[in-house]
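Taking numbering that gives the first Met the number 0, the leading residue of the sequence shown gets 0, the next gets one more, and so forth.
Inspection log for the structure reproduced underneath, given as structure tokens.
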Amino acid sequence: MYFTKEDIDHRRQRLSTKWNEVLSKGEAVLVYAGGPIQKPGGLDNTYTYLPHPSYYWLTGRRREEEVILYSVDTGWVEFQKVLGKETAFWEGEKHDVLVSVPGKSLEELEAFLKKYTTVYKLGQTPEYIKEGKAFTLNTLLDQTRRVKDNAEIKLIREIADIAVHGYKKIAEVLRPGITEREIQIAYEAEIFRNGAQTTPYDSIVGSGPNSAILHFAPSKRVVGEKELVLVDAGADIYDYCVDITRTFISSGEIEGRQKALYQLVKLVQDYCTKLTKPGAYWRDIHNKAAALFTEGLLNLGILKGNLSDLIAQEVVSMFFPHGLGHLVGLRVRDTGQEENLHPKTYFGARLRVDIQLEPGHLITMEPGMYFIKPLLEDADNKKKFKDCINWQELEHWMNIGGVRIEDNLLLTDTGNDNLTSRIPKLSV
Ligand code: GLY
Ligand code: MN
Ligand code: MN
Numbered sequence: 000m001y002f003t004k005e006d007i008d009h010r011r012q013r014l015s016t017k018w019n020e021v022l023s024k025g026e027a028v029l030v031y032a033g034g035p036i037q038k039p040g041g042l043d044n045t046y047t048y049l050p051h052p053s054y055y056w057l058t059g060r061r062r063e064e065e066v067i068l069y070s071v072d073t074g075w076v077e078f079q080k081v082l083g084k085e086t087a088f089w090e091g092e093k094h095d096v097l098v099s100v101p102g103k104s105l106e107e108l109e110a111f112l113k114k115y116t117t118v119y120k121l122g123q124t125p126e127y128i129k130e131g132k133a134f135t136l137n138t139l140l141d142q143t144r145r146v147k148d149n150a151e152i153k154l155i156r157e158i159a160d161i162a163v164h165g166y167k168k169i170a171e172v173l174r175p176g177i178t179e180r181e182i183q184i185a186y187e188a189e190i191f192r193n194g195a196q197t198t199p200y201d202s203i204v205g206s207g208p209n210s211a212i213l214h215f216a217p218s219k220r221v222v223g224e225k226e227l228v229l230v231d232a233g234a235d236i237y238d239y240c241v242d243i244t245r246t247f248i249s250s251g252e253i254e255g256r257q258k259a260l261y262q263l264v265k266l267v268q269d270y271c272t273k274l275t276k277p278g279a280y281w282r283d284i285h286n287k288a289a290a291l292f293t294e295g296l297l298n299l300g301i302l303k304g305n306l307s308d309l310i311a312q313e314v315v316s317m318f319f320p321h322g323l324g325h326l327v328g329l330r331v332r333d334t335g336q337e338e339n340l341h342p343k344t345y346f347g348a349r350l351r352v353d354i355q356l357e358p359g360h361l362i363t364m365e366p367g368m369y370f371i372k373p374l375l376e377d378a379d380n381k382k383k384f385k386d387c388i389n390w391q392e393l394e395h396w397m398n399i400g401g402v403r404i405e406d407n408l409l410l411t412d413t414g415n416d417n418l419t420s421r422i423p424k425l426s427v
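Below you can see the structure in the form of structure tokens.
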């Protein structure tokens, strides 16, 4: 059992205090768990069921179709599913209910709702409306649950420890001659052996030029001598997770251009980690990373011209095309995207979160520098950045691939605690 009744009560208390400020008598909020999604053409074959994270956070329960209600008049009322005999013989007794608090039967919900004049529907339901009071309630819920409580932090630390085993295993097996797929298998077997329930996203393993493909699915490619190998792989227990990237060298010491690239990414990660503290705006930290990368690329001779012009022209988007990070913890994309209804781009990257940081937030710090052929060989980009990029020099870098380093930072009262720092990086 990962969460106790007290943990759940405490969460509900934190949220109801905020909701009470906007809710009137006669209004109710429902948060739906949602149901399994059928595979295309699969008839009774569904994807693995995942409860909506808001429902799961409020109940600790993982049973499909359930609903929790809140109103000023009644407080929290759970409407639970009574498992039929069918489930008993197809799936066995369900062991995945983390907290068991008796509730009403789901069948009583309709009659119960009759006493309310207005019902706001949140969670996994097509009836959720992204505007008005429903949106306000949902935003308050997201803002509350993104501040991780002690039980969640304890669980996420355990998951980070599991990932440490996985990354140690990679360091053991990595050598020229191994395939990307074998690296994935070694990592995943090790985290499962150490208690991970699943992976929070498809593990990414890219070697050599493949390390420049942001979400590369491990292939049969055989790793060569002295190649960069980028592994972005996490671990998950009941939807709580970590999201980690390390870039390795397949043999020998990292040197030359590969080392220069790694040093630059490491420098940006270290610098931006120091900026990650309560009160800071995430966009400002991302923008700082983009400026530092531009300066680094200029120093390496890959860019040419005047630094402030290069920053203004956003040429860095050709080498760092993604945001610096996203909230993580309960799912690999934790809250934040919903509020970002009209996302702006910053240096060519659409940030997944555009928020001010607070203690208790958990955010990835994942700068990366890549030589991405679809971007750098694109005719329009070549024209646009004709005078910013030293195309001759670039030739020497094109097959290196890329470097990303990703850690998970828990915001404290004064700064942050890196929950994934125990996973080694290259010393450069
Ligand atoms: N694991 C994908 C990402 O870094 O967001
Ligand atoms: Mn990642
Ligand atoms: Mn990430």
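Don't be surprised by glycine CBs; every beta carbon is placed ideally from N, CA and C.
- Between Ile-158 and Ile-243, the C-beta spacing is not below 8 Å.
- Ser-316 is the residue among Ser-316, Pro-358, His-325, Glu-357 whose C-alpha sits nearest the C-alpha of Phe-346.
- When the beta-carbon positions are compared, Gly-40 and Ser-210 stay at least 8 Å from each other.
- Contact residues of ligand 1 (beta-carbon closer than 7 Å to any heavy atom; chain order) are Tyr-200, Ile-203, His-214, Asp-231, Gly-233, Asp-242, Thr-244, His-325, Val-331, Thr-363, Glu-365, Glu-405.
- The C-beta separation of Asp-238 from Tyr-48 comes to about 11 Å, leaving the pair out of contact by the 8 Å criterion.
- Residue pairing by DSSP places Arg-245 opposite Val-230 in a beta bridge.
- The beta-bridge partner set that DSSP reports for Thr-45 consists of Gln-37.
- C-alpha of Pro-101 to C-alpha of Glu-77: approximately 8 Å in a straight line.
- Secondary structure note for Lys-382: it is in no beta strand (DSSP E), and the uninterrupted alpha helix (DSSP H) holding it is 378 to 383.
- In this structure Asn-19 is exposed. Its beta-carbon is surrounded by fewer than 16 other beta-carbon atoms within 10 angstroms.
- Cβ atoms of Lys-276 and Leu-356 come within 8 Å of each other, at about 7 Å.
- Scanning the stretch 301 to 372 for uninterrupted alpha helix (DSSP H) segments of 4 residues or longer gives 306 to 312, listed from N- to C-terminal end.
- Remark: C-beta atoms of Val-28 and Tyr-127 do not approach each other more closely than 8 Å.
- DSSP places Val-222 in no alpha helix (DSSP H); its state is neither H nor E.
- Sixteen is the threshold: since fewer than 16 other Cβ atoms of the shown chains lie within 10 Å of the Cβ of Met-0, the residue is exposed.
- Within the stretch 232 to 295, complete alpha helix (DSSP H) segments of at least 4 residues are found at 255 to 274, given in chain order.
- Only residues of its own chain outside the window of five on either side were considered, and among them Ala-27, Leu-29, Val-76 have a CB closer than 6 Å to the CB of Leu-68, listed in chain order.
- Closest in alpha carbon position to Ala-259, among Leu-227, Lys-383, Asp-377, Asp-72, is Leu-227.
- Within the model, the alpha-carbon separation for Phe-292 versus Val-267 is close to 7 Å.
- For Trp-396, the secondary structure class from DSSP, reduced to helix, strand or coil, is coil.
- The three-state secondary structure of Val-163, taken from DSSP, is helix.
- Non-local beta-carbon contacts of Gly-300 in its own chain, meaning distances under 8 Å to residues more than five positions away in sequence, involve Asn-389, Glu-392 in chain order.
- When the five nearest sequence neighbours on each side are left out, the beta carbons in the same chain lying within less than 6 Å of the beta carbon of Asp-231 are those of Ile-203, Thr-244, in order along the chain.
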